[in-house]
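Below is one structure, written out as structure tokens, with a few remarks after it.
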Amino acid sequence: MKLNYHNVEFVKSAVAPEGFLKDGLPQVAFAGRSNAGKSSVINCILNRRSFARVSATPGKTAHVNYFRIDQKAYFADLPGYGFAKVPDAERRRWGRLMEAYFAGGFITLGVVIIDIRRDPNRDDRTMLDWFLNSGRPFVVLANKCDKLSPTAGEKRIGELREALALPEEVPLIRFSAEKGTGKDQLMAILDGDSF
């Protein structure tokens, strides 16, 4: 689906399952560790500096934040997992929110964001297993590749594909929200027939 990414608006933050949007529009869900750069990736796609809020403190996205793109689809910015220093009760609330979102069948396309420099942890594998078992299309972005040389970045892509046991048909893109590396590949998927 071809989208005009300049025609974008923040719609709402869902703090509980009752707030999930259920109007039938496709939803692209952005998931990743708290410090992987989800908001920066969304801003990169939208060519905006700070449309999705970027925080110096990882884990600030505590709700499902919805952005409507061109009146045709939503970007859903999901709470980051793993790193955030939050009380256990809040962490459990996030977990219940995510379980309800994933169980709701809302996701049309998933964008899982990992830090290219970090080894995948149990949470990363859980997220990828969900997508693999769901049958829903998804792409993995190895973000922050600008922190590595191009040669080291390419080598790291091979290591990550093996560590994550990603099938060859799942795109794993070397990405930099800072420099725009890999953006064209991602946009081709977003503008393709995935949803």
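Take any residue in the sequence shown, count from 1 to its spot, add 8: that is its number in this note's numbering. A virtual CB, placed ideally from N, CA and C, is assigned to each residue, including glycine. Only a predicted model underlies this, so the values are computations on that prediction, with no experimental measurement involved.
Should residue i go down as buried or exposed, given a rule of 16 or more other Cβ atoms within 10 Å for buried?
i           : result
residue 10  : exposed
residue 41  : buried
residue 48  : buried
residue 158 : exposed
residue 152 : buried
residue 163 : exposed
Excluding five sequence neighbours on each side, which residues of the same chain lie with their C-beta closer than 7 Å to the C-beta of residue i?
i           : result
residue 165 : 150, 180 and 182
residue 138 : 110
Please list, in chain order, all residues of the same chain as residue i whose beta carbon is under 6 Å from its beta carbon, the five residues on each side excluded.
i           : result
residue 20  : 74
residue 154 : 184, 186 and 187
residue 68  : The pLDDT assigned to residue 68 is 49, lower than 50, so where the model puts this residue is not dependable, and the model offers no usable value.
Kindly list the residues whose CB is nearer than 8 Å to the CB of residue i, restricted to its own chain and excluding five residues on each side of it in sequence; keep chain order.
i           : result
residue 204 : Here the chain has residues from 9 to 203 only, and residue 204 is not among them.
residue 171 : 127 and 128
residue 144 : 115, 116, 117 and 118
residue 28  : 22, 72, 108, 109, 112 and 114
To which residues does DSSP link residue i through a beta bridge?
i           : result
residue 89  : 41
residue 118 : 37 and 146
residue 123 : 151
residue 197 : Bridge partners of residue 197: none, in fact.
residue 181 : 149
At which residue ranges does the segment 17-85 contain complete beta strand (DSSP E) runs of 3 or more residues, listed in the order of the chain? With a minimum length of 3 residues, the unbroken runs of beta strand (DSSP E) contained wholly in the segment 17-85 fall at 35-40, 72-77 and 81-85.
Given 8 Å as the limit, is there contact between the segment 47-55 and the segment 187-200, that is, 3 or more CB pairs closer than that? Three or more Cβ pairs drawn from the segment 47-55 and the segment 187-200 lie within less than 8 Å of each other, which places the two stretches in contact.
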